[in-house]
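Count along the sequence shown from 1, add 1, and you get the number used in this note's numbering.
The C-beta atom is built at its ideal place from N, Cα and C for all residues, glycine as well.
Just so you know, these numbers come straight off a predicted model, no measurement behind them.
Notes follow once the structure below has been shown.
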Amino acid sequence: DLPPEEDLRAAFQEPPKRRVGGMIGFFLLLLLLVVTVRYSYLQLMQPEQEFGEIAKKVFFLDSDPRGAKKIRLQEVKGYFKDHSPEGRFFVVEGKVVNGYNDHREAIRLRGNLKNAAQQVVATREVEAGWSLNPEELDSLSFPEINTLAAGQSPRFSSRVRLAPASSAPFMLIFAPSSQPLAEFSVEVVGSKRSVTAPGLIQ
2 DLPPEEDLRA AFQEPPKRRV GGMIGFFLLL LLLVVTVRYS YLQLMQPEQE FGEIAKKVFF
62 LDSDPRGAKK IRLQEVKGYF KDHSPEGRFF VVEGKVVNGY NDHREAIRLR GNLKNAAQQV
122 VATREVEAGW SLNPEELDSL SFPEINTLAA GQSPRFSSRV RLAPASSAPF MLIFAPSSQP
182 LAEFSVEVVG SKRSVTAPGL IQ
């Protein structure tokens, strides 16, 4: 006797399902193997990296899209500078250090001034690579300082390129404020990988 029609239909349908399931399992195992090998390689090449950073690299996720994580700040200090007739500037200065393995340029910093209530009362952004001496701080007007900070002077270049482990100065100058200041902060906004020959600073 012939088996029922339902049994015949099931017999012809089950093998493809088993084949599909086997192929999915094979590809999952292959993917797991590739991920494991890539993670082990990255951990071997960069043992100082944290698990989360390596995991992002395993799946080709950019964990540092702005190029800010490895630009370090050193010798940061803030102080008031008397300026006649404009009043008192607040100055923040220090150094940036390139912690990347390639040359970096367009290293941008942001400074904030806060009052006692932790409210931001002033913000400025500059690119690293320039600073003024005390005599210039005494004599230059705030518009002239802004011109220099924008890299619109032959003396200063906004295209400073830093070699790995090298440093450059930075200076943020805030206009006189009528509000009492309680705190300042500086952060690295970002940088770009230099695709040209190293320039101003090696």
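In the three-state reduction of the DSSP assignment, P170 falls in the strand class, which pools E and B. For A69, there is no enclosing alpha helix (DSSP H), as DSSP marks it with neither H nor E. If you ignore the 5 residues before and after R73, its C-beta comes within less than 6 Å of the C-beta of V98, G100, all in its own chain and listed in chain order. P177 sits away from N116, with the two beta carbons spaced by 8 Å or more. Here K78 really is in contact with G95; their C-beta atoms are around 7 Å apart, less than 8 Å. Ranked by Cα distance from Q120, the options A183, E128, K193 are led by A183. Comparing C-alpha distances from A107 to each of W131, E87, P48, F90 shows the shortest one belongs to W131. Under DSSP, N113 shares a beta bridge with T124, S186.
Taking each of A166, L138, G26 in turn and checking the Cα distance to G88, the smallest one comes out for L138. Using a Cβ distance threshold of 8 Å, L173 and R125 count as a contacting pair. The residue from G191, S85, S167 with its alpha-carbon nearest to that of S142 is S85. Per DSSP, reduced to three states, the secondary structure at D83 is strand. R109 is a Cβ neighbour of V190, given a cutoff of 8 Å.
Counting of Cβ neighbours within 10 angstroms places I25 among the exposed residues, the total staying below 16. DSSP places G130 outside both helix and strand once states are collapsed to three, so it counts as coil.
In this structure F171 does not touch F90 by the C-beta definition: roughly 15 Å separates them, more than the 8 Å allowed. For the 8 Å CB-CB criterion, V122 and A150 do not form a contact. C-alpha of P66 to C-alpha of R20: approximately 42 Å in a straight line.
Annotation for N147: no beta strand (DSSP E) segment contains it, though the alpha helix (DSSP H) segment containing it runs 143-150. Counting along the chain, no alpha helix (DSSP H) covers P165, and no H or E run does either.
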